[in-house]
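To convert, take the position in the sequence shown, counting from 1, and add 31; that gives our numbering. What follows is a single structure, written as structure tokens, with notes after it.
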Amino acid sequence: YGGWADGNSPSDIENSKLVVLFGNNPGETRMSGGGVTYYLEQARQKSNARMIIIDPRYTDTGAGREDEWIPIRPGTDAALVNGLAYVLITENMVDQPFLDKYCVGYDEKTLPASAPKNGHYKAYILGQGKDGIAKTPEWAAQITGIPADRIIKLAREIGSAKPAYICQGWGPQRHANGEIATRAISMLAILTGNVGINGGNSGAREGSYALPFERMPTLENPVETSISMFMWTDAIERGPEMTALRDGVRGKDKLDVP
Numbered sequence: 032y033g034g035w036a037d038g039n040s041p042s043d044i045e046n047s048k049l050v051v052l053f054g055n056n057p058g059e060t061r062m063s064g065g066g067v068t069y070y071l072e073q074a075r076q077k078s079n080a081r082m083i084i085i086d087p088r089y090t091d092t093g094a095g096r097e098d099e100w101i102p103i104r105p106g107t108d109a110a111l112v113n114g115l116a117y118v119l120i121t122e123n124m125v126d127q128p129f130l131d132k133y134c135v136g137y138d139e140k141t142l143p144a145s146a147p148k149n150g151h152y153k154a155y156i157l158g159q160g161k162d163g164i165a166k167t168p169e170w171a172a173q174i175t176g177i178p179a180d181r182i183i184k185l186a187r188e189i190g191s192a193k194p195a196y197i198c199q200g201w202g203p204q205r206h207a208n209g210e211i212a213t214r215a216i217s218m219l220a221i222l223t224g225n226v227g228i229n230g231g232n233s234g235a236r237e238g239s240y241a242l243p244f245e246r247m248p249t250l251e252n253p254v255e256t257s258i259s260m261f262m263w264t265d266a267i268e269r270g271p272e273m274t275a276l277r278d279g280v281r282g283k284d285k286l287d288v289p
């Protein structure tokens, strides 16, 4: 669904009031051409946008250019977003008209008839859903290592600065269940109505222009059995034991190893 670089261009940051980067380090990962960091800084000079970097490491993208670096435990971005969402919702900082018009499943009003009661996003965040756990900043702090008061402050910054350029790199999703972190980060842009506007972003990686070129066609792979990409180390150690039910093997009930 969608593409990896479907967000707003870095040049659009000249229209932003706030830039929040989740595990995004273009200073190291996108050095080709003129380098994304160069264009990002050019745009920030025009808008004077505040830049917050959320990353376990202090990266080259920061290197003194950021306004704040918030270190986080690796793989806990979704928990942080849940804590931020709790503040945005309870302090009425969400863009309700945007959610009502464009979103399905945010609250009871837009929940499909086939969905279970309190199966919507708002109920999940407030602890009214199936798990019964309120995703408070204090709850998120125990998981992420970020103090609850800083989570509250960040939520208020995101909720009050519009347009906000919320963007993620490869880091958050290159873990087991990393797609959950990717979806969570995108929810910040959705909750605040920063999708589809100048200076905003979808929560995806920064947009990129592509130049198509001719290349050799891809050959058809005769092997139909597959596993999730992050399970390849398990396949090396215990491939013959892996099954569809326990390990998510697709195409066969058991992983065949020559």
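No residue lacks a Cβ here, since even glycine has one placed at the ideal position from N, Cα and C.
Does DSSP classify residue i as helix, strand or coil?
| i | result |
| --- | --- |
| MET262 | helix |
| SER257 | strand |
| LEU276 | helix |
| VAL125 | coil |
| GLU99 | strand |
| ARG81 | strand |
| ARG236 | coil |
| ALA146 | coil |
| ALA172 | helix |
| TYR89 | coil |
| LEU157 | helix |
| SER47 | coil |
| GLY271 | First, the residue type needs correcting, since residue 271 is Pro and not Gly in the sequence shown. PRO271 falls in the helix class under three-state DSSP. |
Given this structure, state the Cα-to-Cα distance separating residue i from residue j, to the nearest angstrom.
| i | j | result |
| --- | --- | --- |
| PRO248 | ARG277 | 35 Å |
| GLY136 | PRO128 | 14 Å |
| GLY209 | TRP201 | 10 Å |
| ILE182 | ARG205 | 23 Å |
| GLY282 | PRO203 | 28 Å |
| ASP265 | PRO41 | 38 Å |
| THR141 | ALA110 | 24 Å |
| TYR196 | SER47 | 6 Å |
| THR92 | PRO253 | 42 Å |
| ASP108 | ASN229 | 25 Å |
| TYR32 | GLU268 | Reliability fails at TYR32, whose pLDDT of 46 lies under 50, so the model's placement of it is uncertain and the value that follows must be treated cautiously. Rounded to the nearest angstrom, the two C-alpha atoms are 32 Å apart. |
| SER217 | ALA235 | 7 Å |
| GLY150 | ASP98 | 38 Å |
| TRP170 | ASP287 | 43 Å |
| SER257 | ALA146 | 31 Å |
| ASP284 | GLU255 | 12 Å |
| MET273 | ASP162 | 30 Å |
Should residue i and residue j be called a contact, given that it needs their Cβ atoms to be closer than 8 Å?
| i | j | result |
| --- | --- | --- |
| ALA192 | LEU49 | yes |
| GLY231 | ALA215 | no |
| GLY54 | GLU237 | no |
| GLU122 | ARG96 | no |
| ASP126 | GLY227 | no |
| ASP138 | LYS148 | no |
| GLY190 | MET124 | yes |
| ASN113 | ILE156 | yes |
For residue i, which residues does DSSP report across the bridge?
| i | result |
| --- | --- |
| CYS198 | LEU52 |
| ARG281 | SER257 |
Decide yes or no for the touch test of the region 150-166 against the region 113-121: beta carbon pairs closer than 8 Å, at least 3 of them.
yes
Examine the Cβ distances between the region 87-105 and the region 174-188 and report whether three or more of them are shorter than 8 Å.
yes
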